[in-house]
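Be aware that the sequence shown starts at 80, since it is given in the working numbering, and climbs by one per residue.
Glycine included, each C-beta is placed from N, C-alpha and C at the ideal position.
Some notes on the structure that comes next.
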Amino acid sequence: MAAACQFFRLIRGKELGRIWAPAVLCQNCCLFNHPCNGPIQPLANSDPRWHQSRAYGTSVVRPTYYLTPPQVNSILKANEYSFKVPEFDGKNLSSVMGFDSNQLPANAPIEDRRSAATCLQTRGMLYGVFDGHAGCACAQALSERLFYYIAVSMLPHETLVELENAVESGRPLQPILQWHKHPNDYFSREASRLYFSSLRTYWQELLDLSTPGEQPDVAEALVSAFKRLDNDISLEAQVGDSNAFLHYWVLRVAFSGATACVAHVDGNDLHIANTGDGRAVLGVQESDGSFSALTLSNDHNAQNEAEVIRVRSEHPRSEAKTVVKQDRLLGLLMPFRAFGDVKFKWSIELQRRVLESGPDQLHENEHAKFIPPNYHTPPYLTAEPEIIRHRLRPQDRFLVLGSDGLWETLHRQEVVRIVGEYLTGVHQQQPISVGGYKVTLGQMQGLLQERKARVSSTFEDQNSATHLIRHAVGSNEFGTVDHERLSKMLSLPEELARMYRDDITIIIVQFNPHVIGAQQN
Numbered sequence: 080m081a082a083a084c085q086f087f088r089l090i091r092g093k094e095l096g097r098i099w100a101p102a103v104l105c106q107n108c109c110l111f112n113h114p115c116n117g118p119i120q121p122l123a124n125s126d127p128r129w130h131q132s133r134a135y136g137t138s139v140v141r142p143t144y145y146l147t148p149p150q151v152n153s154i155l156k157a158n159e160y161s162f163k164v165p166e167f168d169g170k171n172l173s174s175v176m177g178f179d180s181n182q183l184p185a186n187a188p189i190e191d192r193r194s195a196a197t198c199l200q201t202r203g204m205l206y207g208v209f210d211g212h213a214g215c216a217c218a219q220a221l222s223e224r225l226f227y228y229i230a231v232s233m234l235p236h237e238t239l240v241e242l243e244n245a246v247e248s249g250r251p252l253q254p255i256l257q258w259h260k261h262p263n264d265y266f267s268r269e270a271s272r273l274y275f276s277s278l279r280t281y282w283q284e285l286l287d288l289s290t291p292g293e294q295p296d297v298a299e300a301l302v303s304a305f306k307r308l309d310n311d312i313s314l315e316a317q318v319g320d321s322n323a324f325l326h327y328w329v330l331r332v333a334f335s336g337a338t339a340c341v342a343h344v345d346g347n348d349l350h351i352a353n354t355g356d357g358r359a360v361l362g363v364q365e366s367d368g369s370f371s372a373l374t375l376s377n378d379h380n381a382q383n384e385a386e387v388i389r390v391r392s393e394h395p396r397s398e399a400k401t402v403v404k405q406d407r408l409l410g411l412l413m414p415f416r417a418f419g420d421v422k423f424k425w426s427i428e429l430q431r432r433v434l435e436s437g438p439d440q441l442h443e444n445e446h447a448k449f450i451p452p453n454y455h456t457p458p459y460l461t462a463e464p465e466i467i468r469h470r471l472r473p474q475d476r477f478l479v480l481g482s483d484g485l486w487e488t489l490h491r492q493e494v495v496r497i498v499g500e501y502l503t504g505v506h507q508q509q510p511i512s513v514g515g516y517k518v519t520l521g522q523m524q525g526l527l528q529e530r531k532a533r534v535s536s537t538f539e540d541q542n543s544a545t546h547l548i549r550h551a552v553g554s555n556e557f558g559t560v561d562h563e564r565l566s567k568m569l570s571l572p573e574e575l576a577r578m579y580r581d582d583i584t585i586i587i588v589q590f591n592p593h594v595i596g597a598q599q600n
């Protein structure tokens with residue numbers, strides 16, 4: 080048994096200080112007996128000596144080797160996906176030209192998910208990045224279900240009537256979404272019937288509440304969809320299922336958790352719905368050709384003072400010192416908003432009742448039985464998103480949606496600079512910064528040669544998200560991609576990779592300034 084699991088174990092799976100809890104060892108240290116994700120990361124907000132002494136009982140000497148450039152590219156490009164909006168009569172009439180996306184796992188398996196789809200019954204496109212913790216189940220469910228809830232929420236009364244009539248008469252349904260998915264972005268077929276049943280119940284309720292001729296408000300539809308899906312996740316876990324696998328699955332989804340950052344683009348209207356610490360950043364091209372970053376989301380964690388005030392205001396003053404402790408919700412959870420995570424939402428009585436009637440896999444799971452400390456007035460956690468609306472302008476060239484694994488490695492201004500230079504092919508050469516390092520003339524010459532090589536290899540990547548991940552993982556202290564560093568980071572064994580970085584998921588949406596300008600006028 081690994082000594083690292085002896086008392087405290089970061090059960091989030093994607094660790095980074097998200098959630099601490101007592102846990103048993105190895106095969107049981109992760110929710111629902113998922114494989115252990117390895118030793119604990121030496122984090123900035125923890126004591127690396129503690130981790131070193133307990134996570135590494137004996138020193139292991141591993142041979143040093145480097146991946147070749149083709150091997151590096153193979154790893155970086157394994158999950159990349161691109162989509163270009165079709166043209167009509169040689170013209171792109173959409174405000175969106177297309178998008179690139181990619182993922183680089185640190186956890187095994189990766190706990191991030193992504194989704195992109197075109198709304199077929201209404202207008203617009205949807206993009207989402209979902210960051211899971213305590214397993215990947217909740218993020219997986221969001222990637223399959225949330226866009227359907229959003230699309231249904233935006234349907235007018237007449238279309239809802241057509242949907243319900245088609246189901247009642249056994250006729251095929253008109254498709255609601257056109258998905259744009261990488262082959263690795265899968266759907267869980269076993270749960271599709273359950274998911275459809277919950278979705279139909281939702282649109283039946285919307286049908287009862289709506290009136291003919293009424294057009295749903297996008298912001299209200301996004302909030303309603305987020306809250307309803309989280310409620311359905313909770314309800315499905317409470318009711319269970321006669322199918323043993325499905326019963327096990329809905330509990331996995333509910334007891335794990337995920338944050339969500341979703342963008343809806345319709346003409347010049349951009350809405351961001353964010354729950355948690357994913358981030359949406361707009362790349363704005365200035366008059367001199369440089370790029371600036373405009374953040375369109377707020378992190379829901381202890382670094383957001385307004386969020387701390389909100390959480391404390393929802394509980395008695397007697398809990399003021401415990402509801403947010405050590406920058407975590409109840410001293411455990413880093414994000415203050417998330418889907419799933421019923422251990423922070425259900426009453427203690429409900430948790431015990433569901434566990435007692437649940438499958439055998441739950442009975443021996445320490446995390447499932449663990450009750451957070453100072454747990455008096457649940458729910459402590461919400462999935463309600465914060466909505467930010469932005470009217471697109473011609474200078475708004477692209478949008479970057481990223482899980483926190485990206486923003487932990489690169490500053491938002493650096494992100495938009497890298498992407499902007501990639502998309503335009505124009506490099507804004509800044510004076511080389513050595514950050515206080517003493518460098519010789521020979522080293523300075525080497526840095527200049529690296530810069531020249533970087534410029535000449537800009538189009539080595541055919542996908543802007545891949546290009547950004549290359550920089551996020553391989554940049555050295557001088558801001559240039561170092562192949563040796565990139566090779567080392569990508570060749571880390573699974574049990575070490577999570578110590579150095581998080582899962583990274585990126586979607587980059589490129590806008591059409593000509594269409595946006597024409598619609599603006």
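Enumerate, from N- to C-terminal direction, the unbroken alpha helix (DSSP H) stretches of 4 or more residues contained entirely within the stretch 386-471.
If we require 4 residues or more, the alpha helix (DSSP H) runs fully inside the stretch 386-471 come out as 427-435, 439-442 and 445-448.
Can the beta-carbon of H40 be found closer than 8 Å to that of R468?
Because the chain spans 80 through 600 in this model, residue 40 falls outside it and cannot be assessed.
Following the continuous alpha helix (DSSP H) through F209, name the residue where it begins and the one where it ends.
No alpha helix (DSSP H) contains F209, which is instead part of the beta strand (DSSP E) from M204 to H212.
Would you mind listing the beta strand (DSSP E) stretches within the stretch 240-326 that are 3+ residues and don't spill past its ends, in chain order?
Fully enclosed beta strand (DSSP E) runs of 3 or longer: 256-258.
For T584, count the other beta carbons within 10 Å of its own beta carbon; 16 or more makes it buried, fewer makes it exposed. Which is it?
Per the 10 Å Cβ criterion, buried.
Take every Cβ of the stretch 557-568, pair it with every Cβ of the stretch 472-479, and state whether three or more of those distances are shorter than 8 Å.
As far as the Cβ criterion goes, the stretch 557-568 does not touch the stretch 472-479, which means the pair count is below three.
Buried or exposed: which applies to D264, given that a residue is buried once 16 or more other Cβ atoms fall within 10 Å of its Cβ?
Taking all protein chains shown into account, D264 has 16 or more neighbouring C-beta atoms within 10 Å of its C-beta and is therefore buried.
Do Y454 and V402 have their C-beta atoms closer together than 8 Å?
V402 sits away from Y454, with the two beta carbons spaced by 8 Å or more.
I'd like to check one pair, T338 with V360: are the Cβ atoms closer than 8 Å?
Contact: no.
At a cut of 8 Å, does the stretch 404-417 reach the stretch 311-331 through at least three beta carbon pairs?
Contact between the stretch 404-417 and the stretch 311-331 is absent: fewer than 3 CB-CB pairs across the two stretches fall below 8 Å.
Going by C-alpha to C-alpha distance, which of D483, V552 and K156 sits closest to E539?
Taking only the C-alpha atoms, the option nearest E539 is K156.
Alpha carbon to alpha carbon, what distance is there between P262 and S536?
Its pLDDT being 49, under 50, S536 is placed unreliably in this model, and the coordinates cannot settle the point.
Integer-rounded CB distance, given that D296 should sit under 8 Å from D582
Not a contact, Cβ separation roughly 34 Å.
Return helix, strand or coil for N600, following the three-state DSSP convention.
Correct three-state label for N600: coil.
When DSSP builds the beta bridges, which residues end up paired with G362?
Paired residue(s): A372 and F477.
Can you tell me where the alpha helix (DSSP H) holding A230 begins and where it ends?
A216 to S232 is the extent of the alpha helix (DSSP H) around A230.
Which of the three DSSP states, helix, strand or coil, is assigned to S335?
In the structure shown, S335 sits in coil (DSSP, three-state: anything other than H, G, I, E or B).
Residues of its chain near F498, where Cβ-Cβ distance is below 8 Å and the 5 sequence neighbours each way are ignored
In the sequence as displayed, the identity of residue 498 is Val instead of Phe. G362, F370, F477, V479, S543, H546, L547 and I587, listed in sequence order.
Please tell me whether G336 and G419 are closer than 8 Å, where the distance is taken between their beta carbons.
Contact flag set, yes.
For E299 and L434, what's the separation of their Cα atoms in angstroms?
Going by the C-alpha atoms only, they are around 35 Å apart.
On the DSSP bridge list, what partners appear for Y160?
For Y160, the beta-bridge partners assigned by DSSP are S180.
Coarse secondary structure for T201, derived from DSSP in three states:
Secondary structure of T201 (DSSP, three-state): coil.
Three or more beta-carbon pairs under 8 Å between the stretch 172-182 and the stretch 241-249, yes or no?
No, because fewer than three Cβ pairs between the stretch 172-182 and the stretch 241-249 fall closer than 8 Å, the two stretches do not touch.
Let's test the definition: count the other Cβ atoms within 10 Å of the Cβ of G521 and tell me whether it reaches 16, buried, or not, exposed.
Looking at its Cβ environment, which holds fewer than 16 other Cβ atoms inside 10 Å, G521 is exposed.
Using CA coordinates, which residue listed in V495, N555, E428 and I466 is at the minimum distance from V341?
Comparing Cα-Cα distances from V341 to each of V495, N555, E428 and I466, the minimum goes to I466.
With 16 other Cβ atoms within 10 Å as the buried cut-off, status of N124:
Model confidence at N124 stands at a pLDDT of 37, short of 50, so the residue's coordinates are unreliable; what they give is reported in the following sentence. Burial check for N124: the Cβ neighbour count within 10 Å stays below 16, so the residue is exposed.
Quick check: what's the CA-CA separation for S267 versus E241?
The alpha-carbon atoms of S267 and E241 are separated by roughly 27 Å.
Would you kindly work out how many angstroms separate the C-alpha atoms of V390 and H550, rounded to a whole number?
The alpha-carbon atoms of V390 and H550 are separated by roughly 36 Å.
Leaving out the 5 sequence neighbours to the left and right, which residues in its chain are closer than 6 Å to H593 when beta-carbon positions are compared?
Apart from sequence neighbours up to five positions away, no residue of its chain approaches H593 with a beta-carbon distance below 6 Å.
Short of 7 Å in beta carbon distance, which residues of its chain neighbour Q257, apart from the five on each side in sequence? Order them along the chain.
Hits under 7 Å: A196, T197 and L199.
Any idea what DSSP makes of D561, helix, strand or coil?
Correct three-state label for D561: coil.
8 Å contact criterion, which A304 and G355 should meet: CB distance rounded
Not quite, the Cβ-Cβ distance comes to about 16 Å (not below 8 Å), so this is no contact.
Report back the beta-carbon spacing between A270 and P438 to the nearest angstrom; my notes put them in contact at under 8 Å.
Actually they are not in contact, since the Cβ atoms of A270 and P438 sit about 15 Å apart, beyond 8 Å.
Could you name the residues that DSSP lists as bridge partners for S587?
The sequence given here places Ile at residue 587; Ser does not occur at that position. For I587, which the question treats as bridged, DSSP gives the partners D179 and V479.
Limits of the unbroken beta strand (DSSP E) element including H350
DSSP places H350 inside the beta strand (DSSP E), whose first and last residues are D348 to T354.
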